[in-house]
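Step one of this worksheet: look at the structure below.
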Amino acid sequence: IAELRLNDLLGCALEFGPAIMQWSATLATWSDSPDNLTCAYLSEAHRKTAAQLAEWMAAAGMHVHIDAVGNVVGRYRSDAPGAKTLITGSHYDTVRNGGKYDGRLGILLPIAVVRHLHERGERLPFHLDIIGFAEEEGVRFKSTFLGSNAVAGTFDLALLQQRDADGITMGAAIAAAGHDIGAIPAIGRDPAGLLGYIEVHIEQGPVLLQRDLALGVVTAINGSSRYLVELRGLASHAGTTPMHMRRDAAAAAAEIVLLVERRCGQGAALVGTVGQLDVPGGSVNVIPGQCKLSLDIRAADDTERLAAVADILDGIAAICARRNITSDIQAIVSADAAPCAPWLMRQLGAAVERAGLPRHDLPSGAGHDAMAMAAVTDIGMLFTRCGNGGISHNPLETITADDADIAARVLLDFLRHFQPT
Ligand code: HGY
Ligand code: MN
Ligand code: MN
Ligand code: MN
Numbered sequence: 163i164a165e166l167r168l169n170d171l172l173g174c175a176l177e178f179g180p181a182i183m184q185w186s187a188t189l190a191t192w193s194d195s196p197d198n199l200t201c202a203y204l205s206e207a208h209r210k211t212a213a214q215l216a217e218w219m220a221a222a223g224m225h226v227h228i229d230a231v232g233n234v235v236g237r238y239r240s241d242a243p244g245a246k247t248l249i250t251g252s253h254y255d256t257v258r259n260g261g262k263y264d265g266r267l268g269i270l271l272p273i274a275v276v277r278h279l280h281e282r283g284e285r286l287p288f289h290l291d292i293i294g295f296a297e298e299e300g301v302r303f304k305s306t307f308l309g310s311n312a313v314a315g316t317f318d319l320a321l322l323q324q325r326d327a328d329g330i331t332m333g334a335a336i337a338a339a340g341h342d343i344g345a346i347p348a349i350g351r352d353p354a355g356l357l358g359y360i361e362v363h364i365e366q367g368p369v370l371l372q373r374d375l376a377l378g379v380v381t382a383i384n385g386s387s388r389y390l391v392e393l394r395g396l397a398s399h400a401g402t403t404p405m406h407m408r409r410d411a412a413a414a415a416a417e418i419v420l421l422v423e424r425r426c427g428q429g430a431a432l433v434g435t436v437g438q439l440d441v442p443g444g445s446v447n448v449i450p451g452q453c454k455l456s457l458d459i460r461a462a463d464d465t466e467r468l469a470a471v472a473d474i475l476d477g478i479a480a481i482c483a484r485r486n487i488t489s490d491i492q493a494i495v496s497a498d499a500a501p502c503a504p505w506l507m508r509q510l511g512a513a514v515e516r517a518g519l520p521r522h523d524l525p526s527g528a529g530h531d532a533m534a535m536a537a538v539t540d541i542g543m544l545f546t547r548c549g550n551g552g553i554s555h556n557p558l559e560t561i562t563a564d565d566a567d568i569a570a571r572v573l574l575d576f577l578r579h580f581q582p583t
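The numbering of the sequence shown is UniProt numbering, which starts it at 163 and goes up by one.
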């Protein structure tokens with residue numbers, strides 16, 4: 163309270179920014195790795211992060227619980243009889259060696275805004291839920307959006323059988339964290355009770371930075387297809403096996419990497435990445451008999467994405483046939499592009515303009531929890547500028563306290579003017 167009063171007294175411009183930056187730094191102290199920020203689903207660092215978010219939500223005047231998949235759910239209750247609920251939030255897990263703000267900004271910023279409302283005893287005509295989604299990145303278990311799928315009622319219980327790198331099933335990990343997998347289906351929300359979902363997220367790209375804009379209104383989230391590919395050839399002696407007699411799984415993988423790059427270079431908003439490439443148990447003097455790689459193909463247009471995926475899968479089959487390699491290809495994610503609701507874009511845009519900023523609309527190349535939430539309610543997203551050239555999924559990911567502050571002010575203003583359709 164002293165900090166906020168001081169800002170008021172001093173007329174400091176930054177009412178929300180410093181707290182958001184400080185909270186982000188605090189959360190980043192809990193990591194699965196001593197060398198970088200990695201916060202994988204239900205690890206010890208993940209559970210400490212959840213507990214800290216719950217504490218901050220409660221201190222901001224919210225009623226808080228942690229649900230059966232580890233989502234941290236805070237409700238800032240309305241006094242209005244029969245009030246419906248607007249949800250905001252994002253994820254608190256991270257990629258390996260990630261940044262402080264991906265996901266987390268979308269949880270911490272609304273907490274700062276609710277704290278502001280609570281300090282002033284200001285209630286909203288609707289319940290505001292802030293949800294820290296437990297898992298979006300798919301680091302520990304290959305599936306993504308576990309937290310937001312549970313809230314959207316689209317959680318696939320078969321995923322509980324998935325095993326992590328240590329052979330632990332998702333179900334066992336959830337139970338070990340003290341949660342009841344039997345309670346997962348009840349997490350799903352009734353669409354009739356929802357007014358919409360808003361996600362504040364860093365842009366994770368250079369557009370706002372290049373245009374010198376603090377904020378952007380998202381038009382749609384690009385669709386994405388994710389695969390895990392396992393190639394099998396024949397391990398044999400690196401010194402005695404003639405080149406024309408080899409079944410080199412890594413050489414096949416190298417052709418596939420270049421195939422993905424070439425094919426995805428043919429589309430305007432089409433991108434393709436092989437982010438994981440591994441020769442399990444490889445040795446310098448052994449021809450790779452096995453190679454594992456991931457595929458991540460995205461586009462604004464689903465038809466374009468699916469055409470690229472089909473071409474790439476055909477190309478993989480041709481490469482393997484020519485090289486006498488077998489392949490096992492596992493589809494992990496197929497998420498269609500998720501359009502943002504025009505009425506929410508309009509109200510977010512109006513709040514941006516009331517703050518004296520120009521409205522700029524842009525698509526999201528990154529996936530977000532909003533894609534999963536689109537299954538249960540209308541979605542809107544507000545992007546904040548990224549520094550360091552827009553880099554993300556990297557410890558160099560950065561934002562400024564000023565931008566965090568203006569984004570919080572815009573969210574506060576959006577909430578105060580929010581009109582359900
Ligand atoms: O991969 C993505 O786009 C998101 O950061 N999970
Ligand atoms: Mn991410
Ligand atoms: Mn994210
Ligand atoms: Mn997200």
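Beta carbons: idealized from backbone N, C-alpha and C, even for Gly.
{"query": "Say the cut is 7 Å; is the CB of GLU298 nearer than that to a heavy atom of ligand 3?", "result": "yes"}
{"query": "If I'm right that SER186 touches ARG266 with Cβ under 8 Å, what's the distance once you round it to whole angstroms?", "result": "6 Å"}
{"query": "Which residue marks the beginning of the beta strand (DSSP E) containing LEU393, and which one marks its end?", "result": "385-394"}
{"query": "So LEU189 is in the alpha helix (DSSP H); what residue range does that whole segment cover?", "result": "179-189"}
{"query": "Helix, strand or coil for GLY268, going by three-state DSSP, please let me know.", "result": "helix"}
{"query": "Please classify MET405 as buried or exposed, where buried requires at least 16 other C-beta atoms within 10 Å of its C-beta.", "result": "exposed"}
{"query": "Would a check of beta-carbon distances place ASN556 closer than 8 Å to chain E?", "result": "Included in the structure is just one protein chain, with no chain E present."}
{"query": "Considering just the uninterrupted stretch of the alpha helix (DSSP H) at GLY511, what are its terminal residues?", "result": "504-516"}
{"query": "Give the single residue among GLY427, ARG282, GLY294, HIS280 whose Cα lies nearest to the Cα of GLY236.", "result": "GLY294"}
{"query": "Would you tell me roughly how many angstroms separate the C-alpha atoms of GLY401 and GLN366, rounded to the nearest one?", "result": "46 Å"}
{"query": "Starting from GLN492 and walking both ways along the beta strand (DSSP E), at which residues does that stretch end?", "result": "488-497"}
{"query": "Look at the alpha carbon of ASN169 and the alpha carbon of GLY179, and state the distance between them as a whole number of angstroms.", "result": "Summary for ASN169: the model assigns pLDDT 44, below 50, so the residue's position carries little reliability; its value from the coordinates is reported in the next sentence. One C-alpha to the other measures close to 11 Å."}
{"query": "Is GLY529 near ligand 1, going by C-beta to nearest heavy atom under 7 Å?", "result": "yes"}
{"query": "Using 7 Å as the cut-off, classify the Cβ of HIS579 as near or not near the heavy atoms of ligand 2, replying yes or no.", "result": "no"}
{"query": "Taking the straight line between their C-alpha atoms, what separation do you get for ALA164 and GLU177?", "result": "Bear in mind that a pLDDT of 47 at ALA164, under 50, signals an unreliable position, so the model cannot answer this."}
{"query": "Taking GLY260 as the reference, give the member of ASP476, THR200, SER240 with the closest Cα.", "result": "THR200"}
{"query": "Per DSSP, what kind of secondary structure is GLY294 in: helix, strand or coil?", "result": "strand"}
{"query": "Near ALA312, what residues of its chain come up, given a Cβ to Cβ distance below 8 Å and the 5 sequence neighbours on each side ignored?", "result": "ASP229, ALA230, VAL231, ASN233, ILE346, ILE349, GLY350"}
{"query": "What does the alpha-carbon distance come out to for the pair ASP564 and GLN372?", "result": "17 Å"}
{"query": "Going residue by residue through the region 409-462, where are the continuous beta strand (DSSP E) segments of at least 3 residues, counting only ones entirely within it?", "result": "433-435, 452-461"}
{"query": "Between the alpha carbons of PHE545 and LEU308, how many angstroms are there, rounded?", "result": "22 Å"}
{"query": "DSSP puts ASP523 in a beta bridge; with which residues?", "result": "VAL379"}
{"query": "Between the C-alpha atoms of ALA569 and ALA513, what's the straight-line distance to the nearest angstrom?", "result": "10 Å"}
{"query": "Name the residue from LEU573, ARG209, ALA415 whose alpha carbon lies nearest to the alpha carbon of ASN486.", "result": "ALA415"}
{"query": "Could you check which residue in ALA566, ILE273, LEU204, ASP540 has the C-alpha nearest to that of residue 162?", "result": "Past the boundaries of the shown model lies residue 162; the chain is included only from 163 to 583, so the question cannot be answered."}
{"query": "ALA462 and ASN556 look like a contact to me (Cβ under 8 Å); what is the Cβ gap, rounded to whole Å?", "result": "About 23 Å separates the two Cβ atoms, so there is no contact after all."}
{"query": "If ILE182 and ALA222 are in contact, beta carbons under 8 Å, what's the gap, nearest whole angstrom?", "result": "Rounded, the Cβ-Cβ distance is 12 Å, inconsistent with contact."}
{"query": "Ignore the nearest five residues each way along the sequence and tell me which others in ALA296's own chain have a CB closer than 6 Å to its CB.", "result": "VAL231, GLY232, ASN233, GLY309"}
{"query": "So LEU468 and VAL391 are supposed to be a Cβ contact under 8 Å. How far apart are they, rounded?", "result": "In fact, because the Cβ distance is near 17 Å, the residues do not count as touching under 8 Å."}
{"query": "Where do the N-terminal and C-terminal ends of the alpha helix (DSSP H) with LEU322 fall, by residue?", "result": "Per DSSP, LEU322 belongs to no alpha helix (DSSP H) and is neither H nor E."}
{"query": "Could you tell me which residues DSSP pairs with residue 602 in its beta bridges?", "result": "With the chain running from 163 to 583 in the structure shown, residue 602 is simply not present."}
{"query": "Output the boundary residues of the beta strand (DSSP E) element that contains ARG237.", "result": "234-238"}
{"query": "Output the residue ranges of the beta strand (DSSP E) runs that lie fully inside the region 530-557 and measure 3 residues or longer, sorted by chain position.", "result": "541-546"}
{"query": "Pull up the distance between the alpha-carbon of VAL436 and that of THR250, whole angstroms please.", "result": "32 Å"}
{"query": "Within a Cβ cutoff of 8 Å, which residues of the same chain sit near ASN447, ignoring the five residues on either side of it in sequence?", "result": "HIS399, ALA400, GLY401"}
{"query": "In this structure, what does DSSP give as the bridge partners for THR331?", "result": "ARG325"}
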